[in-house]
Structures are given as C-alpha cells and as structure tokens.
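What follows is a short report on a single structure.
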C-alpha cells in the first residue's frame, strides 16, 4: 500500500510532505476507473495530501454546487502526458541532496508509486530561475552556429 505523507510545517499554512534519504510518501499505482466513474485526488491546507476518492458521473442536473458538463463525443486535444520544468534552480537543489534523497525524490515524480510524470520541460539556456544570464551562442551573425556551446549548467545539471 501507499506510504502516508509525513507533514512538515513551514509556517503560514505551508505544509509539505517529507521526502528525504530514508523516507518519501508514495501513492498506490494508478488504476483507471470504470466507464462512467472518476477518480479524484485532493490536497488541502486542512491536511489532505493527494487523498484519493471515487465517484460516478450523473446525468441529472439537479445537484447543488459545481456542475461540470462533459461531451465525450467532441475531442479537442490529445494529452501526451504530464510533467514539470527542470530549471537551473530545481537542478541545483536536487543535486544538493544526498544520493538516496535524490533517488527518493525522483522516484516520487517518475515511478508508479509516485505521480508518474512522463514529460519534462527543460528551458533553453538561462531562465529567470538561473543564477546568471547565459546563452548558447553570443557571436553576432553566427547563423551556422559555429560557436554554439552548451553552458556548464546544462552539461552538469540538465543533460
């Protein structure tokens, strides 16, 4: 079964789940719900941390509260996956962790006992989460990119 969240309070209503070299919370593997059903994961300031619940879609419009209408015959997009961004700042913080803590953290993002990310966005060159400005080719009019070079940040932290 899943390992529960061990909350850590950073003040101001900011709770996080502990993930370190010896412990990281986990989720049960994702099981798709039956047709006409849904699975909801909820987190809250009151203490819920990816709490799983199930329900069934109803055709009645006589329920109070939020009404979500789904038209499954009209599709607009194909979802390739879910993920996050690996910025310089994120990479620097991950690399400051011990190897067991890094393994637990990455497992919590990418494994079946975690949130199962399958995509990562990596910024091209620096971003607002870099410690310095840099680019890959600062030589004017170098249209053939003869001076293109990855920065140390990319080689050491992102590739």
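Residue numbers (full-length UniProt numbering): 1 to 159. Note that CB positions come from ideal geometry on N, CA and C, so glycine has one too.
Its Cα nearest to that of residue 45, the residue 7 stands out among 66, 72, 7, 71.
DSSP places residue 94 within a helical segment (H, G or I) once states are collapsed to three.
Residue range 7 to 9 is occupied by the beta strand (DSSP E) that includes residue 9. In this structure, the CA atom of residue 120 is about 5 Å from the CA atom of residue 83.
Secondary structure of residue 132 (DSSP, three-state): coil. Nearest neighbour of residue 22 by Cα position, chosen from 149, 40, 99, turns out to be 99.
Cβ contact annotation for residue 114 (same chain, cutoff 7 Å, sequence separation greater than five): 26, 27, 107, 108, in chain order.
Counting along the chain, the unbroken beta strand (DSSP E) around residue 38 starts and ends at 37 to 42.
Between residue 20 and residue 104 the beta-carbon gap is near 7 Å, inside 8 Å, which marks them as a contact. In this structure residue 40 touches residue 53 by the C-beta definition: roughly 5 Å separates them, less than 8 Å. As the crow flies, the alpha-carbon of residue 11 is around 15 Å from that of residue 18. A straight line joining the alpha-carbon of residue 79 with that of residue 91 spans about 26 Å. Only residues of its own chain outside the window of five on either side were considered, and among them 27, 41, 43 have a CB closer than 7 Å to the CB of residue 50, listed in chain order. Taking C-alpha positions only, residue 16 is separated from residue 32 by approximately 27 Å.
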